[in-house]
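**Student:** Pasting a structure below so you can have a look.
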């Protein structure tokens, strides 16, 4: 039975569904640290109302997508002509790729798999910008711009926060990025997990996106509302871009469950906002508990999940399978994410009781009865494909070189630094390389997630760890100073590059030593919805008090 259950992980790029696990095991579903949804919403009161409406929901046709979208726009105070709703954000990603991505797309990796796989499946060139493990997987927007310019990429994506690491880029830095690349065909800012962030009061760029000619903001409702099975998300853009996507969507692409939830939201705003508070609180506590495990590295996150690196000698597929079969705990092993390896797990934020069970299970699997001892070599795990046809074809067609081979051949850059290397991808075997932030460096022992502004890339820090990332001996950089000097014609003030090879006009951080973690003041407000609802709608204002 255990072999049958773990074999389900070898059949796709994503983890098996909870229904598939339950069918195969014949048991109730495991404790879920894999699917990144809100564990506190819908509230019991809302779930009871959905249950009472179930017969009508599944019996009758839903209203048209235009009707459902109009209600969502009324709630968000957005013009309907600037919004398109999809049957999950992946439907919108599919149409964005088909209609708006002409030849190439740039994306930092590791990230959500559909942003790499979807364009590859339609024959586009995907330029993958590696987030450095030694830099805590923090995105350096200035270097990302250089990379895009050097490749001649025509579309660019930033996931904010990024999945799987939870990395966050401040709003003003995102807007500067968009303005610097105003000549591209398309820029997508995927804000699917932004509702869980509390680094800024108003981190979304939805209002600014509608005034820009080439910017789309993608948002998810299923993740925020704990309703992945309902399948609904939306995008915001100027009327021209939104209209092109909306014109291709089926009239009834949204189901009756989605309609029911959207029309119920105005009555459950307080419960939703409180659920976000609880997730943020649990994220701090979960990071603190995990950071006590010897050899485990926990990365800063603004999502509803934590990216962790397993201790030396631990193999992710083995840890995942043993947690599932021995402890009934489901986790996301990230070996099939481009730019990651099997030494990394993404762990969804859950209530404290569940986290204690996770920590106990990890202690058993990683250390046995010798907690605190050196981690034993677990095994090499099971070798299997990524489960993504396009990625597997890419790997096989380049004799295992992956995107390096294709990128070099396609662009004639055989002698230039390649965007993906084993070291840049955070693979095993990085002995002697600067290590990412440890629990101690993050200030997470006894005082969870005391991440400073510099470490998190807060206001005025677009290059979160620029000094460390740029000074790594032997670390391949996406673009050297020599290759970028003299670049001209960049919009938004980026008319040249400086002596260090960085575009002028883009905000640069000042090199500084890593500050010592100190207790951070609790912000008085955090973001709920990006806009204020109409008077009397029953939905709380966007700025809400944070629960510590």
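In the numbering used here, the protein residues as written are 86 to 633.
A virtual CB, placed ideally from N, CA and C, is assigned to each residue, including glycine.
#1: According to DSSP, is residue 501 part of a helix, a strand, or is it coil?
#2: Measure from the alpha carbon of residue 197 to the alpha carbon of each residue in 172, 164, 323 and 120, then state which is nearest.
#3: At 3 residues or longer, what runs of the beta strand (DSSP E) sit wholly inside the segment 294-318?
#4: Can you have a look at residue 452 and say buried or exposed, based on whether 16 or more other CB atoms are within 10 angstroms of its CB?
#5: Could you check what DSSP says for residue 144 in three-state terms: helix, strand or coil?
#6: So, is residue 218 buried or exposed, given that buried needs 16 or more other C-beta atoms within 10 angstroms?
#7: Taking 8 Å as the threshold, find out whether the segment 122-130 comes into contact with the segment 358-369 through three or more Cβ pairs.
#8: Please state whether DSSP places residue 359 in a helix, a strand or coil.
#9: In angstroms, rounded to a whole number, what distance separates the CA positions of residue 174 and residue 369?
#10: Between which two residues does the beta strand (DSSP E) harbouring residue 192 extend?
#11: Give a yes or no on whether the C-beta atoms belonging to residue 364 and residue 434 are separated by under 9 Å.
#12: Just to confirm before moving on: does the CB-CB distance between residue 246 and residue 285 stay below 9 Å?
#13: Of all the options 221, 231, 206 and 204, which has the alpha carbon lying nearest to the alpha carbon of residue 214?
#14: Counting C-beta neighbours from all protein chains within 10 Å, is the total for residue 139 16 or more, i.e. buried, or is it exposed?
#15: For the segment 325-344 against the segment 130-150, are there 3 or more C-beta pairs whose distance is under 8 Å?
#16: State yes or no: is the C-beta of residue 435 nearer than 8 Å to some heavy atom of the ligand NAD?
#17: Kindly confirm or deny that the segment 297-310 and the segment 268-283 touch, where touching means at least three C-beta pairs closer than 8 Å.
#18: Apart from the five residues just before and just after residue 555, which ones in its own chain have a Cβ nearer than 6 Å to its Cβ?
#19: Thinking just about the alpha-carbon of each residue, which of 269, 289 and 268 is nearest to the one in residue 260?
#20: Check the C-beta distance from residue 375 over to residue 444 and give it rounded, since I have them as a contact under 8 Å.
#21: Could you tell me which of 170, 166 and 389 sits nearest to residue 308, measuring between CA atoms?
#22: Under a Cβ-count criterion, where at least 16 other Cβ atoms within 10 Å of its own Cβ denotes burial, should residue 170 be classed as buried or exposed?
#23: With 16 as the cutoff for other CB atoms within 10 Å, does residue 136 come out buried or exposed?
#24: For a quick check, are the C-beta atoms of residue 397 and residue 430 less than 9 Å apart?
#25: Going by beta carbon distance, what residues of the same chain come within less than 6 Å of residue 155, once the five residues before and after it are set aside?
#26: If you compare alpha carbons, which of 194, 208 and 237 is closest to residue 252?
#27: Name the DSSP bridge partner or partners of residue 383?
#28: Looking only at its own chain, which residues have a Cβ that is under 6 Å from the Cβ of residue 638, when we skip the five neighbours before and after it?
#29: Check residue 352 in the structure and name its three-state DSSP category.
#30: I need the DSSP call for residue 399, collapsed to helix, strand or coil.
#31: Using DSSP with H/G/I as helix, E/B as strand and the rest coil, what is residue 267?
**Tutor:** In this structure, then:
#1: With a pLDDT of only 39 at residue 501, under 50, the local geometry of the prediction cannot be trusted, and the value read off the model is given with reservation. It is coil, neither helix nor strand.
#2: 120
#3: 300-305
#4: buried
#5: helix
#6: buried
#7: yes
#8: helix
#9: 28 Å
#10: 189-194
#11: yes
#12: no
#13: 231
#14: exposed
#15: yes
#16: Of the ligands one can find in the structure shown there are none, so the ligand NAD has no counterpart to examine.
#17: yes
#18: With a pLDDT of 38 at residue 555, under the threshold of 50, the modelled position of that residue is not reliable, and no figure is offered here.
#19: 289
#20: 7 Å
#21: 389
#22: buried
#23: exposed
#24: no
#25: 165
#26: 194
#27: 393
#28: Absent from the structure is residue 638, since the part of the chain shown begins at 86 and ends at 633.
#29: helix
#30: coil
#31: coil
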